[in-house]
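Residue numbers (this note's numbering): 17 to 217. Beta carbons: idealized from backbone N, C-alpha and C, even for Gly. Here's the structure we're looking at; comments come further down.
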Amino acid sequence: MSHSFYPLGVIHILKKVGLVVKAADDARKKADEFEIWLQSESVAVVRKENLQINRHIPLAPADLFCVFVLGGDGTFLSAARWIGDRDIPVLGVKFGEVGFLAETTEEELFHAADSVLNERFETFDRMRLLVNIIRDKQDIICETVLNDVVINKGALARLARIDSYIDDEYLTTYRADGLIIATPTGSTAYSLAAGGPILHP
């Protein structure tokens, strides 16, 4: 009696995560270890290093389960720009001098990642600003930002005049070198430079 076996292909859905890494040796080394561990957990990885903050970064894949950020606040902000307006949770892992946006540390990375991958986590929504730059009644730029928007006078030798409105209602007119509008996530660097406090998100 002969037996024939016919394979049946069973679909196994993998999680796919983003991994954004600061351009520093310690962060890269840990990212290498972390990527190997993720792959051993059947997780696909889309890795980006030294992601620059500019408008020309191609957006992250829409099907990412989450994004892990190994770096400081600058790396975190780059990751937020990479994600765009998509509803993708982000976990910051402190690897820089400034890590106010990080939720965990290098030492706790694997434990935190295990919780995230097993969906044992909470998310907290952060406000973002919608920024439109209009010139000659045409939208030049339209995007959202997580941290802040800076308006400056550029190369002009004199102060700029800035008329400000909130929800189309006139607030005031500033005569200044520029104006910074920050979300609650805040811009701690500007605050500290002005002798102010750390702005916690």
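Alpha helix (DSSP H) segment containing E113, residue limits: Against the sequence shown, residue 113 aligns to sequence position 97. Per DSSP, E113 belongs to no alpha helix (DSSP H) and is neither H nor E.
Expected contact under 8 angstroms - CB spacing of I157 and V147 to nearest Å: Residue mapping note: residue 157 aligns to position 141 of the sequence shown, counting from 1. Residue mapping note: residue 147 aligns to position 131 of the sequence shown, counting from 1. Contact holds; Cβ gap of about 7 angstroms.
Residue of L86, Q55, C82 and A96 minimising C-alpha distance to P74: For the purposes of this step, residue 74 is taken as residue 58 along the sequence shown, with counting starting at 1. Nearest C-alpha to P74: A96.
Nearest to L125 (by Cα), restricted to the options V114, L30, I182 and V85: Here residue 125 refers to the residue found at position 109 of the sequence shown. Taking the Cα of L125 as reference, the smallest distance to any Cα among V114, L30, I182 and V85 is reached at V85.
Per-residue DSSP class, three states only, for L84: Within the sequence shown, the letter at position 68 stands for residue 84. The question names Leu, but residue 84 in the sequence shown is Phe. For F84, the secondary structure class from DSSP, reduced to helix, strand or coil, is strand.
Whether F137 touches K38 by CB criterion (8 angstroms): As a first step, residue 137 is located in the sequence shown; it is residue number 121 there, counting from the start. As a first step, residue 38 is located in the sequence shown; it is residue number 22 there, counting from the start. Not in contact: F137 and K38 (Cβ atoms no closer than 8 angstroms).
Exposure label - D79; buried when at least 16 CB within 10 Å: Along the sequence shown, one-based indexing puts residue 79 at 63. Answer is exposed; the Cβ neighbour count stays below 16.
Under 8 angstroms between C-beta atoms of G88 and V114: If you number the sequence shown from 1, residue 88 lands on position 72. If you number the sequence shown from 1, residue 114 lands on position 98. For the 8 angstroms CB-CB criterion, G88 and V114 form a contact.
Cβ neighbours of N134 in the same chain (closer than 8 angstroms, five flanking residues each side left out): By one-based count along the sequence shown, residue 134 stands at place 118. Closer than 8 angstroms at Cβ, skipping near neighbours: no residue.
Nonlocal neighbours in the same chain, by C-beta distance under 6 angstroms from L51, ignoring five residues either side: Counting from 1 along the sequence shown, the entry for residue 51 is found at position 35. It should be noted that the sequence gives Glu, not Leu, for residue 51. Cβ neighbours of E51 beyond the five flanking positions: V61.
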